[in-house]
Amino acid sequence: MRLASPEMPLNLAAAQHGFLSPTGVEIAFLLVGLVTFGAALVTVTTRQLVHAALWLVVALGGLAVEYLLLTAEFIAWVQVLIYVGSVVVLLLFGLMLTRAPIGRSPDADSGNRWAALTVAVAAAVALVWVVVDAFRTTWIDLNGPAAGSTRVTGESLFRHWVLPFEALSVLLLAALVGAIVLSRKAKAESESSPPPVNSRAVTESSPSVTDSGIHPVEQEGAR
Amino acid sequence: MHLAYPAVLSALLFCTGLYGVLARRNAILVLMSVELMLNAVNLNLVAFDVWLSRAARETLHSGQALTLFTIAIAAAEIGIGLAIVLAVYRNRGTSDIDKLRDTAEGPETRGPGTEGPGSSAAEKAEATA
Amino acid sequence: MTTTTLAVLVPLLPFLGAAAGLLLGRTAPGFVRPLAVLPPLASLVLAALVAVRQGGDQAVDAHTELTPTGSVPIELALHIDGFAALVAILVAFVAACVQIYSTGYLRDDPRYPSYAALVSLFTSAMLLVVYSGDLIVLLVGWEVMGICSYFLVGHYWETPEARAASLKAFLVTKLGDVPFLIGLFALATDAGSFRITRVLGAVSSGHLHHPTLIALLLLAGVAGKSAQFPLHTWLPDAMAGPTPVSALIHAATMVAAGVYFIARLLPVFEASSAAMVVLAVMAAVTMTGSGLAALAQDDIKRVLAYSTIGQLGYMTGGLAVGDRGAAVFHLLSHGAFKALLFLAAGVIIHAAGTNSLAAMSRMHGLRDRVPDAYWTMTVALLALAAIPPFSGFFSKESVLGAAEHVATGSTDRAPGAAGWIVLVAGLLAALLTAAYATRLWLLAFRGRGAEAPDHGRQPLTMTVVLWVLAVPSLAFGGLAYRSLPSWFDGRDLTPTLLTSILGTGLALVGGLLTYGAWQRTNALAARVPAAPAPSFEWERLQGEAAAHPEGDASLVEAHALADHGPAYRDLAHAPDPGRLLLGPLHRPAAAGFHLDTVYAALFVRPVQAGASLVRFLDSAVVDTYVRGAAALPRLLGAAVRRAQTGNVQTYVSALLAGTVVLAVAVVLVASGA
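Protein chains in written order, with the working numbering: chain A, 2 to 224; chain B, -4 to 124; chain C, 295 to 967.
Here's what the structure looks like:
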């Protein structure tokens, strides 16, 4: 379990840096980390769906700052660009398109909440316990050249990771096509046929839900 | 910097995402929680990469490369996931995960009794919103 | 070709014909008739060749062992002596006649292809039994005959009688076959081989340790196959099959197999005098009982069936007195005239549209409608009644002569008691045989009443076969009794004076008595015209039979079988000499002395009661435990089913909770905590 115990130099280095005498970077990391964790908690607990997306922006941005503190610059900017810039925007679009209620919705959490809480807390306790037990003496030396500058990352990426990189581009293409196909198919169906009434969820729920569920579809199809 | 800080933060973020996946009703919120979990993993990867590259034991920067890959895959995942959610929403008129119960065992386990009065009231609230 | 090759081909050809017929029956109907007729004819030629080459000299023996079969070897063996050669000719001859006759008799039958193939298979199995030199190979043919008889008797399976009769034939013969099988094993264990030659060698050198037990076990199988008392009840019921099948079963194949088997293994039986006495008693009871029953039957085919049982009784009687030459002689001549009797009866049933003798006795001029059947049947009945110079006389007198030899103690091949039993019963049976033969002839051909319906001429294939069979019925016995001993054991088969006079005299007495009784009943019937008036039912039946005069012979027969019950009930008051002769015995005799009822009370009911008890135990007791055992899993299943809510999040929660627990456990174990 003591993964780092044979690493004498690191142990020595860690021995020089106690938890009770944090460096500046550590303090910054801790503060940003608290903000990130808090934003994440709000994201998964808030009753306002749009707010959840906005708090997610805060959490992801906080993570970008953490990457910067870990001297991984390139990753940090990619994080900002892709997550904050596109993923969250996509999620917001998704919320809008599915007519997510704006404002507080009392049923944002399912009845599974307490089981979920139990599992999550248990997992957190187990993970934190194991991680702390394993890495409490490990020290990252952040001095010297940045470990994740664009140059370093690019060199490693295009020197050692070219093939997976290209494969990933194919995967992205496939995902793009797949997303288009999925959306188009649904659209064609909703245009050609009357609103579906065969699904059990729709037929067995109350009429008001059916109405609210069907009309947007028709409108979309008309658009 | 102690490696324990990013590691613990990553673990906590992961469990937060886990809770979100299990507890949220709206499928898009579930997707958000999945993003949180992925990011927790990313943080872990970056922290360990920095540590190992400083210790000169690993020069491939595999952690950062994998992080980039994860980000790309996450982007693809969110695209597909949203497309699926939209399709489900068009078909079923809802994007609530706990209403998609076609795999439930037998017709008798489904019905007004199991859904509970609270949920039907919530549906009405959602419909009027 | 060597004699062995020829002999192998004899059973093989009908088998190949049967296989080809079954395969091609649907796709190439044109080949069915040649495939049915040609293999038996070829077998007949080959069997004749084999007989000529063998010539009654040293037996032809050939054997090959396919594979080692443990302590007692089973070999493919041929053993052709004079008996085998001659019986094979008879089998092939009758089978060929039956096949030719069937082409006319069942010409419109939709199931003719399978029928012909089964007859060929039947023939092949019997030929295998005849030629086989190994008891297990013989058993194979023996059992194949059993299953073929099941299918053929059940040919008209649309009628419940045929279904019941086929099942009965199968089950009763199997009832005998079980002890038969055990007997074979015991015999082989004692003799150390299944080869017939070695078994006989062991017997002559005294290595057989339990001759009585083995003989009695084998006797049970023979009684089932050869329809001897008390396992004879299947044979009269087997009349539900088509008439050619009856001819085949009764004349040459099935029932002959039992007699032939004893003839082959006679030394085994002779080793036990108790077995010989049992055989004699069996033969005596069979002879007299069947004679009485035959005198009371109304169905012409049942009369012939009981007569078959009786003639088989003569054969077993001949065996019981240790003279297998006489028994097989009677088997040969009986095969010819009994086949003729059945085939002619088929023609008569076709012409009359009924199989009821009482109904025929109300028909005028039936003999003019079927002159071929009339003349040939007359010949065959004379042979059956053992009137000289017909062939039945010589063979029957040889049996009686052998019995007389034993009874008077001039030979010690069999106990004297067996001789006396066979002699007395044989003479009594001669009287009865002549009586029922005369009754059959009078009722069928001397009927008085309405004109017989005209169905046109019979097919040529059917009438020609009758004349072909009439030749040996007429002349075989007289021509052969001098030359046959050289083929058989060498003992004289010439009729002795005393038994000839006694037997023929009794036969004449029987015939005359029947004729007198017939005259008397006719006179009574003429004096009281109201009583035997034809009923409405009879008119209807006759009208129906006349409604399709061009119909296929087998269709008419099936129709007649189905309608027999009501017709017989209403015609019970027909002038019947049998009724007068038998007096109070008539009713039990008509019902086969109620043996079926006795069997039903003794065996069927207890078995049914046991079965219902078992069924009750199964459904009420065993099933209770089964249901009880199923209740707990069902409850558990219901509980588990409640967990299947369809909510994915619940599933994932459970999954992850399990994962966490496992991970913690692994960490604890790995860290040694």
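No residue lacks a Cβ here, since even glycine has one placed at the ideal position from N, Cα and C. Just so it is clear, the structure is predicted and the values come from calculations on it, not from any experiment.
- Going by DSSP, residue 141/A is part of no beta strand (DSSP E) at all; its letter is neither H nor E.
- For residue 615/C, there is no enclosing beta strand (DSSP E), as DSSP marks it with neither H nor E.
- Less than 8 Å divides the Cβ of residue 423/C from the Cβ of residue 435/C.
- Runs of the alpha helix (DSSP H) spanning 4 or more residues and lying entirely within the region 618 to 654 of chain C occur at 618 to 646, 651 to 654, in chain order.
- Annotation for residue 151/A: no beta strand (DSSP E) segment contains it, though the alpha helix (DSSP H) segment containing it runs 151 to 161.
- Listed along chain C, the residues sitting closer than 7 Å to residue 111/A by beta-carbon distance are 943.
- Look at residue 91/B: its C-beta is not under 8 Å from any C-beta on chain C.
- Under the Cβ criterion of 8 Å, residue 165/A is counted among the residues facing chain B.
- At a beta-carbon threshold of 8 Å, the residues of chain B lying near residue 950/C are 13, 17, ordered along the chain.
- When DSSP states are grouped into helix, strand and coil, residue 327/C belongs to the helix group.
- In terms of beta-carbon proximity, residue 28/A stays away from the interface with chain B, with every pair separated by 8 Å or more.
- Note that the C-beta distance between residue 1/B and residue 50/B is not below 8 Å.
- Judged by DSSP secondary structure, residue 664/C falls outside any alpha helix (DSSP H); it is assigned neither H nor E.
- In this structure the region 644 to 664 of chain C does not touch the region 622 to 629 of chain C; the number of beta carbon pairs closer than 8 Å is below three.
- Contact with chain C is absent for residue 53/A, since none of that chain's Cβ atoms lies less than 8 Å from the residue's Cβ.
- DSSP lists 374/C as the beta-bridge partner residues of residue 354/C.
- Take the alpha-carbon of residue 509/C and the one of residue 404/C: they are about 44 Å apart.
- Not flagged as an interface residue toward chain A: residue 98/B, since no C-beta distance is shorter than 8 Å.
- For residue 131/A, the nearest CB of chain C lies under 8 Å from its own CB, placing it at the interface with that chain.
- In this structure, the straight-line span from the alpha carbon of residue 366/C to that of residue 332/C is close to 38 Å.
- In the structure shown, residue 522/C falls within a coil segment according to DSSP collapsed to helix, strand and coil.
- Assignment of residue 777/C by DSSP, reduced to helix, strand and coil, places it in the coil class.
- Excluding residues up to 5 positions away in sequence, 514, 515, 516, 517, 518, 519, 525 lie with their Cβ nearer than 8 Å to the Cβ of residue 470/C in the same chain.
- The three-state reading of DSSP puts residue 752/C in coil, since its state is none of H, G, I, E or B.
- For residue 62/B, the closest Cβ of chain A is nearer than 8 Å.
- In terms of CA proximity to residue 752/C, 643/C leads the group 733/C, 372/C, 673/C, 643/C.
- The C-alpha of residue 157/A lies about 9 Å from the C-alpha of residue 59/B.
- Per DSSP, residue 533/C lies in no alpha helix (DSSP H) and is assigned neither H nor E.
- Non-local C-beta neighbours of residue 457/C in its own chain, meaning closer than 7 Å and more than five positions away in sequence, comprise 448, 451, ordered along the chain.
- Inter-residue distance for residue 734/C and residue 320/C is about 41 Å (C-alpha atoms, whole angstroms).
- Under the 8 Å criterion on CB atoms, residue 958/C is classed as non-interfacial with respect to chain B.
- When DSSP states are grouped into helix, strand and coil, residue 48/B belongs to the helix group.
- Against residue 965/C, chain B offers no close residue; the least beta-carbon distance is about 17 Å (beta-carbon pairs closer than 9 Å).
- Fewer than three pairs of CB atoms, one per stretch, sit closer than 8 Å, so the region 602 to 618 of chain C makes no contact with the region 879 to 888 of chain C.
- Under the Cβ criterion of 8 Å, residue 29/B is not counted among the residues facing chain A.
- Contact note: residue 45/B reaches chain A through 71, 72, 73, 141, 143, 148, 149, using a C-beta cutoff of 8 Å and chain order.
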